[in-house]
Amino acid sequence: MKDEIYLIDGSAYIYRAYHAIAPLSNSSGMPTHAVLGFINIIKRIMREREPRFLAVAFDSRGKVFRHDLYDEYKANRPPMPEDLSVQIPYIQQYVENAGIPILKETGVEADDLIASAALRLSRGGNRVVIVSGIRTCCSWWGIILSCGIQ
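For any residue, its number in the working numbering is found by taking its place in the sequence shown, counting from 1, and adding 42.
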């Protein structure tokens, strides 16, 4: 076995943080509760698991390739709340400033990026740990050696 690599579903944890913490804002009135919650999640993973290698995946904004395959893909999902969308650049900036690689590609969702990276990394002999709040991630093609649901 080569290395243990943690792949974190940043988009799932952004929503989890947004809904888990009561609304907070800074002195300018900008909402900050998702930022705070997300940072706490990342710090907890770092503290409790001490991963040597990790990356955070984020959904791209707008249309993804599945919309071309199925017109009704996420058609009934409400749009992202405005007070959440304004926090996302700050969350991504935190990840970047922390020196954590970001997986993000136009037209691709975070879970697809994670599945692709996990497949490639596990074929190379690495142990891949997916950290996601989405239970279906644990069923990806049997390639995942460990799946952490936080």
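Idealized CB from N, CA, C, for every residue including glycine. Computed from a prediction, not measured in an experiment: that's the story for all the values here.
DSSP bridge partner residues for residue i (one or two, in chain order)
i	result
L66	Answer is none; L66 lacks a bridge partner.
I56	Note: I56 sits in no beta bridge, so no partner.
P73	S67
Helix, strand or coil at residue i according to DSSP, with G and I counted as helix
i	result
V28	This structure cannot speak to residue 28, because the chain is shown only from 43 to 192.
F95	strand
G190	Confidence at G190 is low in this model, with a pLDDT of 46, below 50, so its placement is unreliable and the value that follows should be read with caution. Three-state result, G190: strand.
I47	strand
P143	coil
P123	coil
F80	helix
Residues near residue i in its chain [Cβ-Cβ closer than 6 Å; skip 5 each side]
i	result
N68	T74
L163	I47 and V170
Residue environment, residue i, which counts as buried when at least 16 other CB atoms sit within 10 Å
i	result
Y60	buried
I130	buried
Same chain, Cβ closer than 7 Å to residue i, neighbours up to 5 away in sequence not counted
i	result
Y55	F80, I83 and G175
Span of the alpha helix (DSSP H), counted from its first residue to its last, around residue i
i	result
S158	A152 to R165
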